[in-house]
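*Asks:*
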Amino acid sequence: MAKMLSGQLAVWKDKKGFGFIKPDHGSDDVFIHITAMQFASRRPFPEDVITFK
């Protein structure tokens, strides 16, 4: 099972449905697509804290 990581949403392109997470551990930004956020209760915004694999 993959370890859960967290980071802050650095960029979000709402019309295109994707963005980039800046991981807390300092590695390169991680791409995220809206379809990966199936349990979100609202659209994401920059600076949201995101937990991911």
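For the sequence shown, the numbering used here assigns the number 2 to the initial residue and increments by one for each residue that follows.
Every residue gets a Cβ at the ideal spot worked out from N, C-alpha and C, and that includes glycine.
From a predicted model like this one, the values you see are computed outputs, not experimental measurements.
Just the Cα atoms here: how many angstroms apart are ASP30 and GLY8?
*Replies:* Your numbering for residue 30 matches position 29 in the sequence shown. Your numbering for residue 8 matches position 7 in the sequence shown. Approximately 9 Å between the Cα atoms of the pair.
*Asks:* Between PHE40 and SER28, what straight-line distance do the alpha-carbon atoms span, to the nearest angstrom?
*Replies:* The count along the sequence shown starts at 1 and reaches residue 40 at position 39. The count along the sequence shown starts at 1 and reaches residue 28 at position 27. Cα to Cα, PHE40 sits roughly 25 Å from SER28.
*Asks:* Excluding five sequence neighbours on each side, which residues of the same chain lie with their C-beta closer than 6 Å to the C-beta of THR52?
*Replies:* As a position in the sequence shown, residue 52 is number 51, starting the count at 1. The residues are MET5, SER7.
*Asks:* Roughly how many angstroms lie between the CA atoms of MET2 and LYS17, to the nearest whole one?
*Replies:* In the sequence shown, residue 2 corresponds to position 1, counting from 1. In the sequence shown, residue 17 corresponds to position 16, counting from 1. Taking the straight line joining both Cα atoms gives about 30 Å.
*Asks:* Check whether the Cβ atoms of PHE21 and ALA37 lie closer than 8 Å to each other.
*Replies:* For the purposes of this step, residue 21 is identified with residue 20 of the sequence shown, where counting begins at 1. For the purposes of this step, residue 37 is identified with residue 36 of the sequence shown, where counting begins at 1. Against a cut-off of 8 Å, the Cβ pair of ALA37 and PHE21 comes out as no contact.
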